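These notes are about the structure you will find just below.
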Amino acid sequence: MSEGSVRNMADGLVGRDRELELLRSFVDEAVRGSGGVLLLSGEPGVGKSALLDVAAKTATAADALVLRSDGVEFLADLSFSGLNHMLEPLHHARDELDPVHRDALMTALGASEGAPVERLAVYGATLALLRRAARSRPVLLIVDDLQWVDRASLATLAFVARRLAGSRVGLLAAPRPGFEGFFERAGLPEVTILPLDDRAAAGLVRTRFPLLGAREVQRVLAQAQGNPLALLELPATLGEARFGAGAVLPDVLPLSRRLQDLYASRVAELSPPTRRLLLLAALEGSGDLTVLRAATLGEDVLHLLAPAERARLVRVEDRGLGRLTFHHPLIRATIVSISNGGQRLDAHRALARALTCQPDRQAWHLAEATPDPDEHVAALLEQTAHRVRRRGNAVGAFNALIRAADLTPGSADRSRRLAEAAYVGSDVAGELRTAAELLVEARRADPALRGSLQAAAAASHVLLNRDGDVGTAHRLLVGAITTREGRSDGGDDEALFEALCTLRRVCLCAGRPDYWRAYHAVKAQLTVALPAFQELIVEVYADPARATEKALTALDAAIYDLYQETDPTRIGRLGMTALFVDRATGCRAALWRVVEDGREGGAVTSALVALAVLCLDDFVTGQWDECTHLAAEGLALCEEHGYDMLARQFHRAVGLVAAARGDDGTVRGLAQGITEWAAPRGARTVERFAHHMTALAALGRRDYEEAYRHATAISPPGVLAQHVPMALWVAMDLVESAVRTGRGAEARAHVAAMRHAGLPAVSSRLALVTAASAAMAAPEDQAAGLFEEALAVPGAERWPFDLARVRLAYGEHLRRARTAKDAQPHLDAAFDTFRHLGATPWAARAADELRATGRTTGWVHQELRSNPLTPQEHRIATLAASGMTNKQIGEKLFLSHRTVAAHLYRVYPKLGITSRVTLGEALASLLPHQ
């Protein structure tokens, strides 16, 4: 045997030279200051846990602090339970963090009460705590059974994993094969642990079981197939009497079944008190001996565990806090599976008694200990749902409410909890299809539910988002609110406010004046005052063209405070409201937090709203490639979760970019699809999406009559239609198309309406388009001054497409006035912006005007050609065209720089170019990916 193999046998491992060398190298580099992450994957029993043990010993020998936590299936729905276990040895160091990080971490881990936790603050606090601990000694994090770690802890670990370089903090984690959870593994170093080869397997068996006969060894090797756990466990079942020659061996069974039988037989040999303690440990999950002592009413836990330790079922680390760990997850699963229902109920009750200081865990154990309906337990679980939702865990709240409903004895309360679960599922968690089923069950439980506000709101969400049935949703909500005379079920004002918010959304989608009149009538009948946040949303969201200065000031203050907001629903609502008055850019950081949470499987519906706001803000701010990329992501999520109504917002974003870039085929297809979906459902606002993109496309190709027809379908000339936010988006489209079709009076009337509404005071974009619209509609001798007024608007550069359009119109005016020299700078600027954005028809218009002034551009308008690139190639090419290096692109997309270079190597011949110098121009000639 080699020296390495001998050394590995001393570690208790055989045939793992390569893996151990890799682990020692990783630990050595991590503790010396490089930091980093490494994942170990492989089949159960292949030895991942043993390799992690060696890594822990190596790190401890190097004076590193080892923080371990194993995933526990039972705790997978309890937010931050894994993180809490891992960071427990550092609890004294929390006080050294800055107040924001300290409070966020302590609240998330349940060490203190506080405001809802911002996930990003918890992520940052965890990273800061680990870096602080690493100042005194290196830190190695070890996580076994990653697939059972709770979602919130997984997201935190995923965040930390990509930020460990140079930190003296290493992370080793071992997931099971096929794990595709909330820990994003793409781009992270990963090693697959394979079964032992025949030579190593035989050496292991002969070394550990020298009395085993040759025939028995061969049978063990055949059964184990190189699985180290089976190689060590199978010989023990043979018994001392079967080690001799001629012994009868057990029947051949599949490996997984054989291992379960082996564990079951070992457990059965233990005394009943020890078996009960192991069941408690299996169900408790964290291995906290303090909890186990409390659950066994002061019994000598270590004495009871000693036989299990000798049987190599568990390990007990009786130092510090004291932790119990199972030698393999299959042992834990076997212990639970061989227990009967009564034993499991008793164990859960004992754990619930022991967890009085952890109400959320206690509630779940009580729920598992309660086979029959129990209102007290259901109420506790409902409270848990409310707490975890305030912390931003919509999925956890949804699951808790469903379980609470299952435990509810009364039909009315059961129906109410099912309705609330349906509302949370449809409005926040992305469970639209499940919400519909829950509502059916809720009505079956209590036919009187029809008047419930929670049920009405949930049903309206389903009707609106899945079916687009705005009429039924409107009648349902108005009826539920008015029959309660402005009061909600049981005096729950929150249910009333949520119902009103849903009614506003229905009214906005319908776009009908009579719906809004009904809304205001319902609001006037309320016997409770709306919260300030709700009042703000009502005033700006419902009719942004008539928002008061006071309301806009309050909106600005709310946007400023978004950094401390953690409720994804409030962030989404505020973001959409801000979008209507050109303030969404101030919400982007908070919106991105919601998107990231949704990507991890959290508040999916809120993430869709956030994505829609980001998409449309990207359009008006000129980030069109990101707009189409996010729209594609949003459409995929809508399809996956059944949100047909929200999908139209993403079609709108794609259609606007396609319209501006001259992709008339895409615009026609999208507009037709939107109209065919929206018209039968009475969703007039959604119909206006089609009119908007069609009007913009017509302007680009200089079909001003069609542009006028579609712009006025959104808001008639001379009027900013009430409760039509899109009227602020097409105001300049209407004026320009009116002027160019000889409708000067209509154009001037619309400018007057824009000024009367005070649009210049709303935002710099509206100030820009109002002044420019006035210039377009003004007599020739007055136009120049108004164009100059438009270009002098502070912040106009934030709206590159609108600004380029104004410069184009001004250049056209100056060229017609035979002042070509003055026209050229404006036309040059417009042409450059249009080319940069890929707005080909607009660039063609600017190029034509430049040629009319005597300037040649060297650019010829070509129709957009089909995109030969894959979505990944297009994204990489776009980043490369922006000036990013291969390394920077790789860091952004979690790819190696060599992979980026390989993609670009394939891109260049597809585009007919040889380098990235002409990459931007080549991309501008392509149709965008849909």
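In the working numbering, the protein residues as written are 5 to 934. Backbone N, C-alpha and C define an ideal beta-carbon position, used for all residues, glycine too. Owing to the predicted nature of the structure, the values given are computational and were not obtained by experimental measurement.
For the 7 Å CB-CB criterion, residue 806 and residue 772 form a contact. Counting every other CB atom within 10 Å of its CB across the protein chains shown gives residue 52 a total of 16 or more, marking it as buried.
Counting C-beta pairs with one atom in each stretch, the region 275 to 283 and the region 296 to 305 have three or more that are closer than 8 Å, which means they touch. The three-state reading of DSSP puts residue 230 in coil, since its state is none of H, G, I, E or B. DSSP links residue 802 through a beta bridge to no other residue. Distance from residue 208 to residue 187 at the Cβ level is roughly 32 Å; contact not present, criterion being Cβ atoms closer than 8 Å.
The distance from the Cβ of residue 692 to that of residue 474 is about 14 Å, inconsistent with a contact at the 8 Å cut-off. Taking a contact to require three or more Cβ pairs closer than 8 Å, the region 693 to 706 and the region 727 to 735 qualify as touching. Rounded to the nearest whole angstrom, the CA to CA distance from residue 789 to residue 755 is 16 Å. Here DSSP, grouped into helix, strand and coil, assigns residue 23 to helix. The count of Cβ pairs closer than 8 Å, one atom from the region 169 to 178 and one from the region 93 to 107, stays below three, leaving the stretches out of contact.
Counting along the chain, residue 419 sits inside the alpha helix (DSSP H) bounded by residues 415 to 428.
By DSSP's assignment, residue 479 forms no beta bridge with any residue. Judged by DSSP in its simplified three-state form, residue 679 adopts helix. Shown here, residue 69 sits in a strand according to DSSP, grouped into three states. The shortest CA-to-CA distance from residue 445 to any of 476, 464, 461 and 410 is the one to 410.
Excluding sequence positions up to five before and after residue 615, its CB lies within less than 7 Å of the CB of 599, 634, 637 and 638, all in the same chain and listed in chain order.
Counted as a single uninterrupted DSSP element, the beta strand (DSSP E) harbouring residue 327 occupies residues 327 to 330.
Apart from the 5 residues on each side of it in sequence, residue 480 sits with its Cβ closer than 7 Å to the Cβ of 460, 463 and 464 in its chain, given in chain order.
Judged by pairs of C-beta atoms under 8 Å, the region 71 to 82 touches the region 135 to 151, as three or more such pairs exist. The residue among 711, 85, 116 and 163 with its C-alpha nearest the C-alpha of residue 400 is 85.
Where residue 47 is concerned, there is no enclosing alpha helix (DSSP H), because DSSP gives it neither an H nor an E. With contact defined as three or more Cβ pairs closer than 8 Å, the region 797 to 812 and the region 772 to 786 are in contact. Annotation: residue 885 to residue 840 spans about 11 Å, alpha carbon to alpha carbon. Under DSSP, the beta-bridge partners assigned to residue 146 are 72 and 176. For residue 642 and residue 667, the gap between their C-alpha atoms comes out near 24 Å. The beta carbon of residue 392 is closer than 8 Å to those of 83, 364, 400, 401 and 404 in its chain, skipping five residues each way along the sequence.
When the five nearest sequence neighbours on each side are left out, the beta carbons in the same chain lying within less than 6 Å of the beta carbon of residue 308 are those of 277, 278 and 281, in order along the chain. Here DSSP, grouped into helix, strand and coil, assigns residue 18 to coil. With a beta-carbon spacing of about 6 Å, residue 131 and residue 167 fall inside the 8 Å limit used to define contacts. Fewer than three beta-carbon pairs drawn from the region 732 to 750 and the region 564 to 579 are found closer than 8 Å, and the two stretches are therefore not classed as touching.
Note that the region 705 to 718 does not touch the region 543 to 558; fewer than 3 beta-carbon pairs, one per stretch, sit closer than 8 Å. In the three-state scheme derived from DSSP, where H, G and I count as helix and E and B as strand, residue 450 is classed as coil. Contact check for residue 665 and residue 882: beta-carbon distance about 14 Å, past the 8 Å limit, so the pair fails to qualify. In the same chain as residue 438, and ignoring 5 residues on each side of it, the C-beta atoms closer than 7 Å to its own belong to 429, in chain order. Within the DSSP secondary-structure output, residue 319 pairs in a beta bridge with 329.
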